[in-house]
Amino acid sequence: MHEVVPAAAFLLLGATVGITFRQLVHPPAPAPASDSDAEAATRARLHRHASQLALVQQLTADPAWTSWPAYAGVPAARRPHHLMSGPLGGPRAAGGYQRVFHHRGTGEVVVVVHLGRAVAGWPLVVHGGVLASVLDESCGRAAFREWGATGVTARLGLQFRRPAFADRFYVVRCRARREEELPEEERGKRHYKVYVDATLEDAKDGHLCVVAEGIFVGGRGKTRPGWNGLGDGQSAVDLSTDQF
Numbered sequence: 001m002h003e004v005v006p007a008a009a010f011l012l013l014g015a016t017v018g019i020t021f022r023q024l025v026h027p028p029a030p031a032p033a034s035d036s037d038a039e040a041a042t043r044a045r046l047h048r049h050a051s052q053l054a055l056v057q058q059l060t061a062d063p064a065w066t067s068w069p070a071y072a073g074v075p076a077a078r079r080p081h082h083l084m085s086g087p088l089g090g091p092r093a094a095g096g097y098q099r100v101f102h103h104r105g106t107g108e109v110v111v112v113v114h115l116g117r118a119v120a121g122w123p124l125v126v127h128g129g130v131l132a133s134v135l136d137e138s139c140g141r142a143a144f145r146e147w148g149a150t151g152v153t154a155r156l157g158l159q160f161r162r163p164a165f166a167d168r169f170y171v172v173r174c175r176a177r178r179e180e181e182l183p184e185e186e187r188g189k190r191h192y193k194v195y196v197d198a199t200l201e202d203a204k205d206g207h208l209c210v211v212a213e214g215i216f217v218g219g220r221g222k223t224r225p226g227w228n229g230l231g232d233g234q235s236a237v238d239l240s241t242d243q244f
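Just so it is clear: in the sequence shown, position 15 is 15 by the UniProt record's numbering, and no numbers are missing.
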């Protein structure tokens with residue numbers, strides 16, 4: 001018992017000093033009010049920087065690719081209830097810039113997104129849960145688009161290769177596996193079960209940060225009427241149109 005008390009005291013002291021030091025070295029910036037002038041200016045700055053990225057310029061100029069702002073088809077009233085366009089939708093989080101590119105021929109999806117300091121876990125390192133959310137949505141966009149179906153994530157496996165630092169642009173590349181790439185027992189199911197491979201890399205230096213493999217299951221090719229985006233419980237995604 002006598003040994004436990006000093007150990008607990010040192011643990012408390014270390015935690016207090018560590019948290020205080022972090023706040024001094026990297027104090028959290030106050031979040032601007034929604035739709036404030038500061039927020040609008042930050043978004044405009046990020047969009048200017050994104051327009052100068054070689055990949056964005058290349059895909060925008062290529063007629064084989066179509067593009068749209070992420071969540072453009074989600075009604076404004078529902079966006080606050082969706083994690084990425086609501087709580088994480090500010091420019092200091094994941095909402096400063098996110099554009100989706102879709103290749104008409106191959107079905108490949110490329111997402112260019114800026115991840116700000118508000119989504120850091122460790123100082124200046126993007127939280128793994130945020131990276132998982134970005135990859136999950138991006139893979140979903142590639143899963144059922146060709147079938148016009150509604151789907152959910154059955155499994156998402158992630159391999160974190162290196163830290164993703166905050167306040168940078170990232171590129172997510174997603175591709176649904178072709179029929180001939182599937183094992184024999186999984187063939188003939190792509191209208192309701194899709195395997196998607198994806199990567200997340202630093203847009204500046206191309207360093208690979210995360211590798212993902214997802215399985216998405218859906219409505220066996222039946223389209224769901226209504227708006228394009230997430231269902232009321234955020235359990236299903238209408239992946240058949242170009243505005244999610």
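Where a beta carbon is used, it is the ideal one built from N, C-alpha and C, also for glycine.
Return the chain-ordered list of same chain residues with a C-beta closer than 6 Å to the C-beta of residue i, the five sequence neighbours on each side being excluded.
i       : result
Val-110 : Phe-101, Arg-173
Ala-33  : Residue confidence for Ala-33 is low, a pLDDT of 48 falling below 50, so the modelled location carries little weight and cannot support an answer.
Lys-222 : Residue placement at Lys-222 cannot be trusted, given a pLDDT of 47 that sits under 50; the coordinates are not used to answer.
If contacts are defined as beta-carbon pairs under 8 Å, then residue i and residue j qualify, I think. What distance do you get, rounded to the angstrom?
i       : j       : result
Ala-120 : His-127 : 6 Å
Leu-158 : Val-130 : 12 Å between Cβ atoms; not a contact.
Looking at the secondary structure, which residues open and close the beta strand (DSSP E) in which residue i lies?
i       : result
Leu-200 : 193–202
Thr-106 : From DSSP, Thr-106 is part of no beta strand (DSSP E); its letter is neither H nor E.
Gly-214 : 208–218
Val-171 : 168–176
Pro-69  : 65–69
Take residue i as the anchor and find which of the options has the nearest alpha-carbon.
i       : options                            : result
Arg-155 : Leu-182, Glu-179, Gly-188, Lys-193 : Lys-193
Tyr-71  : Arg-99, Gly-206, Leu-182, Ala-118  : Arg-99
Ala-50  : Ala-176, Glu-201, Phe-169, Arg-177 : Phe-169
Val-152 : Leu-158, Ala-164, Arg-162, Cys-139 : Cys-139
Ala-143 : Arg-177, Leu-124, Leu-83, Pro-69   : Arg-177
Arg-92  : Glu-180, Leu-158, Ser-36, Gly-214  : Ser-36
Pro-123 : Leu-208, Tyr-195, Leu-200, Ala-166 : Ala-166
Arg-190 : Ala-94, Glu-180, Ala-132           : Glu-180
Ser-133 : Ala-94, Gln-58, Val-125, Thr-150   : Ala-94
Ile-215 : Arg-43, Tyr-195, Asp-205           : Tyr-195
Trp-65  : Arg-79, His-103, Thr-150           : His-103
Ala-164 : Gly-73, Pro-69, Glu-201            : Glu-201
Between the C-alpha atoms of residue i and residue j, what's the straight-line distance to the nearest angstrom?
i           : j       : result
Phe-160     : Val-211 : 7 Å
Leu-83      : Ala-77  : 14 Å
Gly-188     : Arg-117 : 44 Å
Pro-75      : Gly-86  : 12 Å
Pro-183     : Thr-199 : 22 Å
Gly-105     : Pro-63  : 11 Å
Glu-186     : Glu-213 : 15 Å
Ala-41      : Gly-90  : 12 Å
Tyr-97      : His-47  : 6 Å
Gln-58      : Ser-67  : 12 Å
residue 261 : Ala-44  : Shown here, the chain extends from 1 to 244; a query on residue 261 therefore has no answer.
Thr-60      : Arg-79  : 26 Å
Val-125     : Glu-137 : 20 Å
His-81      : Phe-244 : 15 Å
Asp-205     : Leu-135 : 19 Å
Starting from residue i and walking both ways along the alpha helix (DSSP H), at which residues does that stretch end?
i       : result
Gly-151 : That residue, Gly-151, is in no alpha helix (DSSP H); its beta strand (DSSP E) goes 150–160.
Ala-54  : 54–61
Arg-45  : 37–51
Arg-141 : 128–143
Who are the Cβ neighbours of residue i in its own chain at under 8 Å, not counting the five residues just before and after it?
i           : result
Val-107     : Here residue 107 is Gly; the residue named in the question, Val, does not match the sequence. Within the same chain, Gly-107 has close Cβ partners Ala-142, Arg-145, Glu-146, Arg-175, Ala-176.
Leu-55      : Val-110, Val-112, Val-171, Ala-203
residue 246 : There is no way to answer for residue 246, as the model of the chain reaches only from 1 to 244.
Pro-69      : Gln-98, Arg-99, Val-100
Can you list, in chain order, the residues of its chain with a C-beta nearer than 7 Å to that of residue i? Leave out the 5 residues immediately preceding and following it.
i       : result
Asp-197 : Arg-175, Arg-177, Glu-213
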